[in-house]
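What follows is one structure encoded as structure tokens, with my remarks underneath.
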Amino acid sequence: MGYEWDFTVVLRDFDLLLLGLLNTLKVTGLALLFGVPLGLTLALLRLYGNWLVRIPVGLVIEFLRSTPPIAQLFWFFFALPILVGVEMDPFKASVLTFSLQSSAFFAEVFRGGIVSIDRGQWDAAKALGMSRNETLQRIILPQAVKRMIPAFLERAIELMKTTTLVGTISYADLLYEANSIAQSSYRTLEVFTVAAAMYFVVIFACSVAVQLLEARLTRPDESARH
Amino acid sequence: MEEVLRIEDLHKSFADLAVLKGIDLAVNRGETIVILGASGSGKSTLLRCVNFMEIPSSGRIVMNGRAVGRAVDGKQTYSEKELTRLRARVGMVFQHFNLFPHMTARENVMEGPRTVLKLDPAECARRADTYLDKVGLAWKADAHPSELSGGQQQRIAIARALAMEPEVMLFDEATSALDPELVGEVLGTMKELADEGMTMLIVTHELGFAYTVADRVLFLSEGRILEQGTPAEVLTYPTQEGTKNFLRGHGSFRLPEPQLD
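As they're listed, the protein sequences go chains A and B. Under this note's numbering, the first residue of the first sequence carries the number 1, and numbering increases by one thereafter. Under this note's numbering, the first residue of the second sequence carries the number 1001, and numbering increases by one thereafter.
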């Protein structure tokens, strides 16, 4: 194999790749910022709402989880503006899609975490005279969130990788920039190698950071009973 | 004698299964009542109805002369707010301790005063010190539950309930999950409370403890009080066949007084 690697093109346009990465992080970060609290809300509604709330919320979650994200993205970018007449640019549509899409997954992570907490914890809090909200805030969620960290990290990584779809509606994320540099320079191999490495560095760094955090948080107190 | 708690014609069913079939009981302030009975006799359910962990199917709970809930069409109805207020005045200790694992011993004890009673931090701290000291675990204040033995965890759980300064304490098989050598320290703490005049309802299988500490022993069978009286009356001279059978089962293997010197 006599392929000659040449990274000069990549280096020349590296600032474009960095801008793309910044946009990727922007969409991912905002989707997390909106998606996590929304996910918690959906989880609580699904767990503790009456059936009039529980059933539609469950349907929305299942719908978001079982339709392709690219279909959702197209729907919010092309269909929603026609339906309700709002202006949609690629950035807004991307943030909206991935906030909602990831909220459905986070809802399930939260729900799993909450129901995994021993019933005795609810009993103890109730016997002290705590309300359900107090119990959730003070007793259940702090424990559940710790258990959820691995699943949460998994979803966040998945989310960042899924945001590569935003290029399809011309939002200039890292993959989109890589693609356009590759097309103009014909240095496909180099460009995508570097782009992949950039995804790897960011995701791997986050992953290590979260694992350190998890080790720190769960040190003293897991498995308290017996 | 001053009556703290009265249970009137209490019934509780789970779906089709009737667990309590009419319990009447008046508890005086400072009284220690031990509730005995085979498993499935309704002992735990009775305790859990007193602080409305379970809502009674019918009947009334009267605390300090006031019935809990409102009678609507001859049936008691309860508001969640009233029930949380009531639970704050009744302490409960569980078989599996149920300490909050993400908090230290001290934080466990302060949680009720802080979150439920909304006391100021100084008073919460004072109560934590007082009750950790009372159960002899002030030196473990900063330990997490996972760093404590079962007996220590249960004593912290007792301190957590006491920090609410309740009018009645309920013990639901508080020593059943403990290794035998750890049972004594928990029973010792409970006896001290009884001696100090705490009003207590205790479900246990420790007959020796019942005999020594109880003012009154109830024997529950199939959701009814089959027999009650002083420890001597119920445990030494039982009159009902059900009680006798229960005691026979417990007395099959007896140890002569160990010589420990």
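Positions of the beta carbon are idealized from the N, C-alpha and C atoms, including for glycine.
Could you please give the first and the last residue of the uninterrupted beta strand (DSSP E) stretch that includes residue i?
i, result
"B/Asn1028", "Leu1017 to Asn1028"
"B/Val1234", "It is not in any beta strand (DSSP E) - B/Val1234 carries neither H nor E in the DSSP assignment."
"B/Leu1036", "Thr1032 to Gly1037"
Does any C-beta atom of chain B lie closer than 9 Å to the C-beta of residue i?
i, result
"A/Leu128", "yes"
"A/Pro90", "no"
"A/Lys161", "no"
"A/Pro150", "no"
"A/Arg54", "no"
"A/Ile139", "yes"
"A/Glu134", "yes"
"A/Ser223", "Because A/Ser223 sits at a pLDDT of 46, beneath the cut-off of 50, its placement in the model cannot be relied upon, and the point is left open."
"A/Gln143", "yes"
"A/Ser170", "no"
"A/Lys26", "no"
"A/Ser131", "yes"
For the alpha helix (DSSP H) containing residue i, name the first residue and the last one.
i, result
"A/Thr67", "Note, A/Thr67: premise wrong, no alpha helix (DSSP H); not H, not E."
"A/Val86", "Counting along the chain, A/Val86 falls outside any alpha helix (DSSP H), and DSSP gives it neither H nor E."
"B/Gly1197", "Unbroken run through B/Gly1197: none, as it is neither H nor E."
"A/Ser207", "Thr188 to Leu217"
"A/Leu141", "Leu141 to Thr162"
"B/Phe1209", "Leu1207 to Val1213"
"A/Val166", "Segment: none, A/Val166 is in no alpha helix (DSSP H) and carries neither H nor E."
"B/Arg1048", "Lys1043 to Val1050"
"A/Asn133", "Arg132 to Thr135"
Taking only three categories from DSSP, how would you classify residue i?
i, result
"B/His1281", "Any property of residue 1281 of chain B remains undetermined from this structure, which presents chain B solely from 1001 to 1261."
"B/Phe1253", "coil"
"A/Ile117", "coil"
"A/Arg12", "helix"
"B/Gln1228", "strand"
"A/Ala172", "coil"
"B/Lys1118", "coil"
"B/Val1109", "helix"
"B/Val1068", "coil"
"B/Ile1055", "coil"
"B/Arg1248", "helix"
"B/Glu1003", "strand"
"B/Ser1221", "strand"
"A/His226", "With a pLDDT of 38 at A/His226, under the threshold of 50, the modelled position of that residue is not reliable, and the figure given next carries that caveat. Three-state DSSP puts A/His226 in coil, outside helix and strand."
Quick check: is the beta carbon of residue i nearer than 9 Å to any beta carbon in chain A?
i, result
"B/Leu1099", "yes"
"B/Met1190", "no"
"B/Tyr1211", "no"
"B/Phe1171", "no"
"B/Val1090", "yes"
"B/Glu1080", "yes"
"B/Met1164", "yes"
"B/Arg1155", "no"
"B/Leu1132", "no"
"B/Thr1115", "yes"
"B/Gly1151", "no"
"B/Leu1010", "no"
"B/Phe1094", "yes"
"B/Thr1084", "yes"
"B/Arg1106", "no"
"B/Glu1111", "yes"
"B/Gln1160", "It should be pointed out that residue 1160 of chain B corresponds to Arg in this sequence rather than to Gln. Yes, because at least one Cβ of chain A sits closer than 9 Å to the Cβ of B/Arg1160."
"B/His1250", "no"
"B/Arg1087", "yes"
"B/His1205", "no"
Handout entry: Completely contained alpha helix (DSSP H) runs for the region 1077 to 1106 of chain B, where each covers 4 or more residues
Key = 1080 to 1088
Handout entry: Contacting positions in the region 1046 to 1073 of chain B - beta carbon closer than 7 Å to chain A
Key = Asn1051 and Met1053
Practice task
Please list the segments of the alpha helix (DSSP H) lying wholly inside the region 1122 to 1194 of chain B, counting only runs of 4 or more residues, in order along the chain.
Solution key: 1150 to 1162
Handout entry: Short-range partners of chain B found in the region 92 to 124 of chain A, where Cβ spacing is below 8 Å
Key = Asp118, Gly120, Gln121, Asp123 and Ala124
Exercise for the section: Name, going along the chain, the residues of the region 1216 to 1242 of chain B whose beta-carbon falls closer than 8 Å to a beta-carbon of chain A. Expected result: none
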